[in-house]
Amino acid sequence: SQTIHQWPATLVQPVGSPLSLECTVEGTSNPNLYWYRQAAGRGLQLLFYSVGIGQISSEVPQNLSASRPQDRQFILSSKKLLLSDSGFYLCAWALGATDTQYFGPGTRLTVL
Amino acid sequence: QQQVKQSPQSLIVQKGGIPIINCAYENTAFDYFPWYQQFPGKGPALLIAIRPDVSEKKEGRFTISFNKSAKQFSLHIMDSQPGDSATYFCAASSGGATNKLIFGTGTLLAVQP
């Protein structure tokens, strides 16, 4: 069966510091991968998606970037965090020929 | 046209009641409509999904009703329980290689014992 992992689970970072969040998927090959951000009490905002290694599409201009160095690894990064980057970051995967997305457990990021 | 509008924003029902959450869309290219359930501090989990070729789908106590002509769909939770208290998101997708989902803004459901 497929499993999606995210780490760290929680993170507190000062403004201006770098960020690296990691997501990995097990039990499948060539998945579509997604990064979402969820502000407190709000909906899910799609940040990036990837249909293959090295292929990244950005949905919203922002202070963040994403990379996919391996088939089942998706990384969300920032060179300098802003207060507005605080939120709950969710990674999701889907098989290319299907529509269902499966979410990871999330990373709670607080920027102080 | 890419939006999915969800209502109500929050809902309180008594145990055993039938909460109903509604969603509406404009893009007629959407052909997949899932509902996700999210507990605090957790990632959303797929609850049930429907495609436009059927008007209703049931899985346990959860039912999706779909009205293609009105471009609306809704989630009904039969015999609701306190354990159903969570945030519910509807979503829509037009498929394709990217499987991008457009999410509603969420409904916070509280089921009182």
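As you go down the protein sequences, you meet chains A and B in turn. All letters in the first sequence, in the order written, are residues 45 to 156 by the numbering used here. All letters in the second sequence, in the order written, are residues 7 to 119 by the numbering used here. Quick reminder that beta carbons are idealized off the backbone N, C-alpha and C, glycines included.
Exercise. Closest by CA to Y78 of chain A, which one among A:E70, A:A84, A:F92 and A:T68?
Worked result: Residue numbering aside, residue 78 of chain A sits at position 34 when the first sequence is read from its first letter. Y78 of chain A has its Cα closest to that of A:F92, out of A:E70, A:A84, A:F92 and A:T68.
Problem set entry | Short CB-CB distance (under 8 Å) between G223 of chain A and chain B | The structure shown has nothing for residue 223 of chain A, since chain A only spans 45 to 156.
Exercise. Along the segment 79-98 of chain A, what residues have a CB closer than 9 Å to any CB found in chain B?
Worked result: Y80, Q82, G85, R86, G87, L88, Q89, L90, Y93 and V95
Exercise. Alpha carbon to alpha carbon, how far is I56 of chain B from Y38 of chain B?
Worked result: Locating residue 56 of chain B in the second sequence gives position 50, counting from the first residue. Locating residue 38 of chain B in the second sequence gives position 32, counting from the first residue. I56 of chain B and Y38 of chain B: Cα-Cα distance of roughly 6 Å.
Exercise. Helix, strand or coil: which one does DSSP assign to P149 of chain A?
Worked result: Here residue 149 of chain A refers to the residue found at position 105 of the first sequence. P149 of chain A falls in the coil class under three-state DSSP.
For this session: Give me the Cβ distance between S99 of chain B and D115 of chain A, rounded to the nearest whole Å; I'm assuming they're in contact under 8 Å.
Result: On the second sequence, position 93 is the one that residue 99 of chain B refers to. On the first sequence, position 71 is the one that residue 115 of chain A refers to. With 8 Å as the limit, S99 of chain B and D115 of chain A do not qualify as a contact, their Cβ atoms being about 23 Å apart.
For this session: Tell me whether the beta-carbon of Q46 of chain A lies closer than 8 Å to the beta-carbon of E66 of chain A.
Result: Here residue 46 of chain A refers to the residue found at position 2 of the first sequence. Here residue 66 of chain A refers to the residue found at position 22 of the first sequence. No, these two residues do not count as a Cβ contact at 8 Å.
Exercise. Using a C-beta to C-beta distance shorter than 7 Å, which residues of chain A count as neighbours of G49 of chain B?
Worked result: Locating residue 49 of chain B in the second sequence gives position 43, counting from the first residue. Going along chain A in sequence order, the residues near G49 of chain B (Cβ under 7 Å) are L134, F147, G148, P149 and G150.
Problem set entry | DSSP state of G96 of chain A mapped onto helix, strand, coil | Walking along the first sequence from the start, residue 96 of chain A turns up at place 52. In the structure shown, G96 of chain A sits in a strand (DSSP, three-state: E or B).
For this session: Measure the C-alpha to C-alpha separation of S29 of chain A and D85 of chain B and round it to an integer number of angstroms.
Result: Examination of residue 29 of chain A is not possible in this model, given that chain A is present from 45 through 156 alone.
Exercise. According to DSSP, which residues form a beta bridge with A51 of chain B?
Worked result: Here residue 51 of chain B refers to the residue found at position 45 when the second sequence is read from its first residue. In the DSSP output, where bridge partners are listed per residue, A51 of chain B has B:Q43.
Exercise. Count the other CB atoms within 10 Å of the CB of F45 of chain B; is the residue buried (16 or more) or exposed (fewer)?
Worked result: By one-based count along the second sequence, residue 45 of chain B stands at place 39. With fewer than 16 other Cβ atoms within 10 Å, it is exposed.
Exercise. Cβ of G71 of chain A less than 8 Å from any chain B Cβ?
Worked result: For this step, residue 71 of chain A is matched to residue 27 along the first sequence. No, G71 of chain A does not count as interfacial toward chain B.
Exercise. Quick one: what's E66 of chain A bridged to in DSSP?
Worked result: If you number the first sequence from 1, residue 66 of chain A lands on position 22. DSSP lists A:W51 and A:I119 as partners of E66 of chain A.
Exercise. Anyone know if the C-beta pair for L156 of chain A and G131 of chain A falls short of 8 Å?
Worked result: In the first sequence, the residue the question calls residue 156 of chain A occupies position 112. In the first sequence, the residue the question calls residue 131 of chain A occupies position 87. No, Cβ-Cβ distance for L156 of chain A and G131 of chain A is not below 8 Å.
Exercise. Is the CB of T144 of chain A under 8 Å away from at least one CB in chain B?
Worked result: The residue labelled residue 144 of chain A in the question sits at position 100 within the first sequence. Closer than 8 Å to some Cβ of chain B, the Cβ of T144 of chain A qualifies, so yes.
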